[in-house]
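Using the UniProt record's numbering, you'd call the opening residue of the sequence shown number 1 and step up by one each time.
One structure below.
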Amino acid sequence: MTDSPIVLVKPVLPALDKLGAALHEVLRSGVLTNDGSRVHAFEALLSARLGIADLAVCGSGTTAIQLACGALGLSGEVIVPAAAFPAVAQGVRRGSCTPVAVDAERTFLTLDPDAVAAAITPRTEGIVAVQTFGCPADVDALAAIARSAGIPLIFDAATCWGITYRDRPLLAYGDVSTLSLHAMKLTHSVEGGAVMSTVHPIADKVRRLRNFGIGAEGALPAGTNARMSELHAAVGAVVLGEADAEIVRRIQVREWYMDALRHTEWLRPVPFRPGAWPNVAAMAVRLRPDAPVDAPTLCDELKRDGVHARAYFTGRYRPRPIGTAGPTPVADELGKRIVCLPFWGGLTESDVMRVVDAIDRIGGGRCHESHALSLEYPG
Numbered sequence: 001m002t003d004s005p006i007v008l009v010k011p012v013l014p015a016l017d018k019l020g021a022a023l024h025e026v027l028r029s030g031v032l033t034n035d036g037s038r039v040h041a042f043e044a045l046l047s048a049r050l051g052i053a054d055l056a057v058c059g060s061g062t063t064a065i066q067l068a069c070g071a072l073g074l075s076g077e078v079i080v081p082a083a084a085f086p087a088v089a090q091g092v093r094r095g096s097c098t099p100v101a102v103d104a105e106r107t108f109l110t111l112d113p114d115a116v117a118a119a120i121t122p123r124t125e126g127i128v129a130v131q132t133f134g135c136p137a138d139v140d141a142l143a144a145i146a147r148s149a150g151i152p153l154i155f156d157a158a159t160c161w162g163i164t165y166r167d168r169p170l171l172a173y174g175d176v177s178t179l180s181l182h183a184m185k186l187t188h189s190v191e192g193g194a195v196m197s198t199v200h201p202i203a204d205k206v207r208r209l210r211n212f213g214i215g216a217e218g219a220l221p222a223g224t225n226a227r228m229s230e231l232h233a234a235v236g237a238v239v240l241g242e243a244d245a246e247i248v249r250r251i252q253v254r255e256w257y258m259d260a261l262r263h264t265e266w267l268r269p270v271p272f273r274p275g276a277w278p279n280v281a282a283m284a285v286r287l288r289p290d291a292p293v294d295a296p297t298l299c300d301e302l303k304r305d306g307v308h309a310r311a312y313f314t315g316r317y318r319p320r321p322i323g324t325a326g327p328t329p330v331a332d333e334l335g336k337r338i339v340c341l342p343f344w345g346g347l348t349e350s351d352v353m354r355v356v357d358a359i360d361r362i363g364g365g366r367c368h369e370s371h372a373l374s375l376e377y378p379g
């Protein structure tokens with residue numbers, strides 16, 4: 001095969017001279033870590049862009065969940081989605097809590113409020129809901145459940161940079177929200193994360209916990225080393241300047257996909273909740289129950305064509321073992337049906353057509369205009 005592989009995502013990389021200048025300044029300063037000035041400057045940049053003053057960065061999106069649990073003083077059971085990247089349950093566990101998984105709802109793949117309500121017990125101390133692939137969960141229903149139970153609602157909004165919901169940043173919802181700044185995300189610091197709140201004064205608690213919990217009265221047991229280095233913060237500040245352009249590019253890539261997939265009858269893009277915009281986190285598709293292949297097989301077959309896709313809800317990405325509050329039939333089915341296709345701003349229309357052509361070949365050419373699914377792109 002002569003064509004280069006089409007990877008799932010490529011990091012947003014500014015011009016090397018910009019990155020080089022930023023890193024040179026860090027090295028020239030002689031300060032590489034320990035909550036230096038560039039970390040605090042990066043926090044200020046993120047806060048200004050989001051309009052969320054109470055924000056602290058940390059070493060990863062996983063430690064962001066851990067630190068959120070620690071800053072809120074949680075220690076008991078925390079409800080998490082059964083269909084989610086393993087970092088969610090792992091972050092809760094590292095935060096000295098016990099994750100309890102509940103089912104997802106079928107349409108938007110987010111936490112099912114009815115399953116959450118049924119899972120609440122006297123041992124439940126919090127809810128960690130995921131804005132799955134950048135799509136908002138049912139924020140109103142989940143917030144009402146959390147208020148009724150007297151427990152905090154944390155949103156893992158790892159992929160939600162640049163997405164708004166009801167004219168607010170998606171990261172502004174919940175008692176606390178966490179962000180991933182990993183290189184695969186739309187804006188990143190190579191490795192990193194952030195914790196923020198519009199409700200609780202949490203940033204200073206997170207800053208203490210990320211630095212071993214050190215304070216005047218001694219080190220807190222929930223402390224850890226989750227600091228962001230000055231080098232990572234410097235990269236993050238430069239990459240942040242590319243975010244708006246990357247969003248525009250991803251909107252175009254999604255439009256190419258939506259058009260190209262319009263007549264592929266055995267799969268369709270996962271819908272985005274009305275009121276949210278733009279859908280720039282991932283290109284997730286759902287396979288019909290009668291599809292010629294399941295999600296893991298589609299990923300394997302695409303890889304043979306040089307296309308990298310991922311089935312996040314099954315196989316090695318499914319956290320095991322994890323306790324559940326009951327059956328999780330929807331989450332179990334999503335493992336067989338949900339695939340993320342390559343999605344990043346540098347993809348060309350030709351790249352997208354190559355992905356879709358490969359899908360059609362795998363499906364045996366089962367594309368019939370008369371039976372095409374209606375695909376709507378929210379705008």
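Beta carbons are placed, not taken as given, at the ideal position from N, Cα and C, and that holds for glycine.
>> Threshold first: 4 residues or longer. Then list the alpha helix (DSSP H) segments lying entirely within the stretch 9-38, N to C.
In response: Those alpha helix (DSSP H) runs which fall completely within the stretch 9-38 and span 4+ residues are 16-29.
> Based on Cα-Cα distance, which residue from Ile79, Ser197, Gly364 lies nearest to Leu151?
Replying inline: A small fix is needed here, since residue 151 is Ile in this sequence, not Leu. Out of Ile79, Ser197, Gly364, Ile79 has the C-alpha closest to the C-alpha of Ile151.
> With distances taken from CA atoms, which of Trp344, Ser177, Ala82, Leu341 is nearest Asp112?
Replying inline: Checking every option, the nearest Cα to that of Asp112 belongs to Ala82.
>> Check for me: the beta strand (DSSP E) holding Ile127 runs from which residue to which?
In response: Run containing Ile127: 124-130, per the beta strand (DSSP E) assignment.
> Beta carbon of Glu349, beta carbon of Trp266: below 8 Å?
Replying inline: No, Cβ-Cβ distance for Glu349 and Trp266 is not below 8 Å.
> Is the beta carbon of Leu240 less than 8 Å from the beta carbon of Thr224?
Replying inline: No, these two residues do not count as a Cβ contact at 8 Å.
> From this set, Ala158, Ser148, Gly126, which residue's C-alpha is nearest Gly134's C-alpha?
Replying inline: Comparing alpha carbon positions, the residue from Ala158, Ser148, Gly126 closest to Gly134 is Ala158.
> Under a three-way DSSP split, which group does Cys58 fall into?
Replying inline: In the displayed model, Cys58 falls within a strand according to three-state DSSP.
> So, Ile247 versus Leu181, is the Cβ gap smaller than 8 Å?
Replying inline: Using a Cβ distance threshold of 8 Å, Ile247 and Leu181 do not count as a contacting pair.
> Taking Pro296 as the reference, which of Leu334, Met184, Gly36, Ala281 has the closest Cα?
Replying inline: When each option's Cα is compared against that of Pro296, the closest is Leu334.
>> Could you check whether Val130 and Thr110 sit closer than 8 Å to each other, using their CB atoms as the reference points?
In response: Yes, these two residues count as a Cβ contact at 8 Å.
> Per DSSP, what kind of secondary structure is Ile251 in: helix, strand or coil?
Replying inline: Reduced to three states, the DSSP call for Ile251 is helix.
> Roughly how many whole angstroms lie between the Cα atoms of Ala233 and Ser29?
Replying inline: Approximately 14 Å between the Cα atoms of the pair.
> Exposed or buried, what is Gly379 when buried is set at 16 or more other beta-carbons lying within 10 Å of its beta-carbon?
Replying inline: Since pLDDT at Gly379 reaches only 29, below the 50 mark, its modelled position is unreliable, and the value read off the structure follows with that caveat. By the 10 Å Cβ count, Gly379 comes out exposed.
>> Using CA atoms only, rank isn't needed, just tell me which of Asp332, Val26, Pro278, Met184 is closest to Trp344.
In response: It is Met184 whose Cα lies nearest to the Cα of Trp344.
> What residue range is occupied by the uninterrupted beta strand (DSSP E) comprising Gly193?
Replying inline: Looking at the DSSP string, the run of the beta strand (DSSP E) that includes Gly193 is 193-197.
> Who are the near neighbours of Leu23 in its chain, counting only those whose CB is closer than 7 Å to its CB and skipping five residues on each side?
Replying inline: A distance below 7 Å between beta-carbons, with the five flanking residues on each side excluded, links Leu23 to the following residues of its chain, in chain order: Leu231, Ala234.
> For Met196 versus Ile52, is the C-beta distance shorter than 8 Å?
Replying inline: A distance below 8 Å separates the beta carbons of Met196 and Ile52.
>> Out of Ala115, Ala117, Arg227, Val307, which one is the CA nearest neighbour of Met353?
In response: The candidate whose alpha carbon is nearest that of Met353 is Val307.
> Should Asp17 be labelled buried (16 or more other beta-carbon atoms within 10 Å of its own) or exposed?
Replying inline: By the 10 Å Cβ count, Asp17 comes out exposed.
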